[in-house]
Amino acid sequence: MRIVRILTGTLLLLGLAVSPAVADSSPSASSSPEADGPTEAGTSFRTAAEVDQGTKATAQGSTGDYMYWSFPAEAGQRPTARAVVTLPKETASASTWQLDVYDGLRRRQACQYGAQTRTAATGAATVDLSCTLRTVRAWSEPWANDPLPGTYYIRLTATNLATGDRGLAFGAETEVESKDIGGPAAVDGSLAEPLVPGIAVTSAQSQDSDDSTDTAKLFSLEPDGGWGSGWWSDRWVWTGIGGLLAALAGVGGYALTRGSGRPAQVPPGH
Amino acid sequence: MIRSYRWAAGVFALLVVLSTGVAVSSTAVADETTATAPKVDLVLDVSGSMRATDLGGQSRMAAAKQAFDEVLDATPEEVLLGIRTLGANYPGDDRKKGCEDTAQLFPVGPLDRTEAKAAVATLTPTGWTPIGPALLKAADDLEGGEGSKRIVLISDGEDTCQPLDPCEVAREIAAKGVGLTIDTLGLVPDAKLRVQLSCIAEATGGTYTSVERREELSDRVSQLVERAADPVVVPKAVQGAEACEQAPALESGLFTDREEFGQQRWYRVDVEPGQELRASVSVAADRAVNPDYGVLLRAVTVKGREIVRGEAAGAGRTDVMSTGLRYPKAEADDDETAETVCLVVTNSFSPAGGVKTTPGLPLELTVDVVDAGDSASDVAAFGLGRGWWLLGVLVVVGFVAGVLWGWVSRWRVAVWRTN
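In order, the protein sequences belong to chains A and B. Position 268 of the first sequence, counting from 1, maps to 839 under this note's numbering, and the rest follow consecutively. Position 370 of the second sequence, counting from 1, maps to 739 under this note's numbering, and the rest follow consecutively.
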């Protein structure tokens, strides 16, 4: 009976230890998007409009424009980029729209899920596009193109457009939200610097002088809590629980070999 | 973000002015800002056809004038703005004279709103549409300075001064200077004009807009002028070589170059042991190209062994094709010399029929040499475990260990008691 009590007590304690980890692995991105994102999009990688995750960015352009946004993503996140294109009213024929995501090295990143390309029929009002990336890993082999912590670029454009439909006004809204994958994606190793373009130049500048805020940067945002904030993963909890359970099982196994109470053949007082 | 930086920079500049005496430092600050200030040249078509009334009951010219007034009011302080006209002065039929008719209405510089508005008000639709020559002159207007440069071309008709193709002119202008963009606005939904103006815009990474209402005109031009005011990193011009031996040595930074179809461009970067080289390259399709294409970036040792490559291929309409690579050089025990890594860029774009192949395609190269990260000793973080199988294994092993321990100690007690 005592063993059962001890076991329940320990499990309760363990439950307390697990709960922060469980809370940790729930989606962290805020579900209510703020409306104060950028209202302009960039026209190239160099001029991409910076937008935080969970913030809605809007832009007005002419059909045929290439719109660029950039956002930071941290290890353990699985970002999903969504875009809604409000098409011009007076289109003459169908058009195909595409959302591409590139990493900090301008390598195109594959989408696991989501309609990355969609064709809008003549007279359609809007087109919804989305792209869910692979989980961002803290480290990968240099020869692989796995998503790594750093800058990500979104490019939105019409890939197929009739000449008659070029140059018409359209609107676009984009938003990036991440699912926190947490422990299952916690890999060993880390990058010395996140995959942010121009980071060697900007870090040299900030060492030289404090007054580097007025110089233009290729990318200046950071994820909530800064880059490389995570040594923590729920693997610590799992391994810890495992150790404790092993110890308990050891105690249990030991107790089994002893039987319960005093051996019958030992006389009292001995 | 950028806005708040600008604001902070403004406050900083103000503090400098206040603290160190107005006379000396204000001129210094002004000089510095003029050198890097963004420049915009608005090029307005004042050809005879601008008399037509089809923009909401107004003549095209009246609509353009009204839009210019609004744009001039909304222009940010730091932008140096100029206005150039084409076809404003020569009403005759002499093609040669008509095609030279472009004039600077207002020079590129700090904006005097009243003067600029008065100058715009005097314009009357007159002559030919020499877009090509006007673009060449506009590029001269923007000469000098290190800030971004932008030409905004507003026209209602295609170029009437062939054989000088304004599209090729635009490409050549862009190839000469760094960071020059041409945005075009067409006032008529005409197929030929659309094709020509989009071609001009694409040649420089600019945008084309078809204007159908007067409000669209002022909104779009204001947007383009404001876009010029956003601070951007200006790349450094560099010229890649045909082979690694002659290649220019690059440090961390942003560079531009030109690469012709089927050409190789070599650069070299020194990487110390314990450092990581990150390079990304974008090759822009600034003219009509065939619909399947690719870009290859390779890092090669001086002896010609390939270390790592980045490759990208695509199909359909695109502005750029990009790829990148990273190469961490392992820490060396004794050999402390830096390794020279050769970067070679090739593209598999092919020109569509009838397109000139010179100047080459614009190429943008980002190089970052940073400290190399930790290499992983295990797939999982710190080698930790996770999941029910882990717990199961640990419980079973713990239980077996406990039982064995119990038996051993029982056996020892029994042996002790017998003795």
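For every residue, glycine included, the Cβ atom is placed at its ideal position computed from N, Cα and C. Here the structure is a predicted model, which means the values were calculated and not measured.
{"Asked": "Beta carbon of K506 of chain B nearer than 8 angstroms to that of L441 of chain B", "Found": "no"}
{"Asked": "Helix, strand or coil at I752 of chain A [DSSP, three-state]", "Found": "coil"}
{"Asked": "Distance CB(G613 of chain A)-CB(T626 of chain A) smaller than 8 angstroms", "Found": "no"}
{"Asked": "Beta-carbon neighbours of R806 of chain A, restricted to chain B and to distances below 7 angstroms", "Found": "A749, A750, L753, G754 and R755"}
{"Asked": "G501 of chain B and V557 of chain B closer than 8 angstroms at C-beta", "Found": "no"}
{"Asked": "Contacts of D636 of chain A in chain B (Cβ-Cβ under 7 angstroms)", "Found": "T576"}
{"Asked": "Residue-chain proximity (L700 of chain A, chain B), Cβ-Cβ < 8 angstroms", "Found": "no"}
{"Asked": "Chain-ordered residues of the stretch 741-764 of chain A with a beta carbon less than 9 angstroms from chain B", "Found": "G754, P755, A757, V758, D759, G760, S761, L762, A763 and E764"}
{"Asked": "Distance between V748 of chain B and G575 of chain B (C-alpha atoms, nearest Å)", "Found": "46 angstroms"}
{"Asked": "Local Cβ density within 10 Å of Y724 of chain A, reported as buried at 16 or more and exposed below that", "Found": "buried"}
{"Asked": "At least three beta-carbon pairs within less than 8 angstroms, the stretch 806-819 of chain A to the stretch 733-743 of chain A", "Found": "no"}
{"Asked": "Length of the line joining the Cα atoms of L534 of chain B and V671 of chain B", "Found": "Looking at the sequence shown, residue 534 of chain B is not Leu but Asp. Between D534 of chain B and V671 of chain B, the C-alpha separation is close to 43 angstroms."}
{"Asked": "Given 8 angstroms, three or more beta-carbon pairs between the stretch 702-712 of chain B and the stretch 659-674 of chain B", "Found": "yes"}
{"Asked": "Close beta carbons around D740 of chain B, own chain, < 8 angstroms, minus the five adjacent residues each side", "Found": "G643, Q644 and E645"}
{"Asked": "Separation of I551 of chain B from D528 of chain B, as counted between CA atoms", "Found": "16 angstroms"}
{"Asked": "Proximity winner among A:R806, A:A817, A:A691 and A:T828, relative to F768 of chain B (alpha-carbon distances)", "Found": "A:A817"}
{"Asked": "Whole-angstrom distance between G771 of chain B and G824 of chain A, CA atom to CA atom", "Found": "4 angstroms"}
{"Asked": "Own chain, CB closer than 6 angstroms to K561 of chain B, minus 5 neighbours either side, in chain order", "Found": "E527"}
{"Asked": "Beta bridge counterpart(s) of P720 of chain B as assigned by DSSP", "Found": "B:V658"}
{"Asked": "Simplified DSSP state of Y825 of chain A, which is helix, strand or coil", "Found": "helix"}
{"Asked": "Rounded separation between T787 of chain B and R781 of chain B - CA only", "Found": "10 angstroms"}
{"Asked": "Candidates B:W774, B:Q473, B:D463 and B:A457, of which the one nearest R829 of chain A by Cα", "Found": "B:W774"}
{"Asked": "Contact set for A686 of chain A: own chain, Cβ-Cβ below 8 angstroms, skip 5 residues either direction", "Found": "D699, L700 and S701"}
{"Asked": "Inter-residue spacing [alpha-carbon to alpha-carbon] between A600 of chain A and A745 of chain B", "Found": "Unreliable placement is indicated for A600 of chain A, whose pLDDT of 41 sits below 50; the coordinate value is still reported in the next sentence. Computed Cα separation, rounded: 28 angstroms."}
{"Asked": "Beta carbon proximity, R637 of chain B to chain A, threshold 8 angstroms", "Found": "no"}
{"Asked": "Extent of the continuous beta strand (DSSP E) run through W640 of chain A", "Found": "M638 to A644"}
{"Asked": "Residue range of the beta strand (DSSP E) that includes S579 of chain B", "Found": "Y577 to S579"}
{"Asked": "Run of the alpha helix (DSSP H) containing E342 of chain B, from where it starts to where it stops", "Found": "With chain B running from 370 to 788 in the structure shown, residue 342 of chain B is simply not present."}
{"Asked": "Simplified DSSP assignment, three categories, for K627 of chain A", "Found": "coil"}
{"Asked": "Secondary structure of A682 of chain B, DSSP reduced to three states", "Found": "strand"}
{"Asked": "Exposed unless 16 or more other CB atoms sit within 10 angstroms - verdict on S517 of chain B", "Found": "buried"}
{"Asked": "Any C-beta of chain A under 8 angstroms from that of Y696 of chain B", "Found": "yes"}
{"Asked": "Which listed residue (B:A433, B:A610, B:E700 and B:W758) has its alpha carbon closest to that of G555 of chain B", "Found": "B:A433"}
{"Asked": "Helix, strand or coil at K788 of chain A [DSSP, three-state]", "Found": "coil"}
{"Asked": "Simplified DSSP assignment, three categories, for W635 of chain B", "Found": "strand"}
{"Asked": "Chain B contacts from the stretch 617-650 of chain A (Cβ-Cβ distance under 8 angstroms)", "Found": "R617, T618, E621, Q631, G632, S633, G635, D636 and Y637"}
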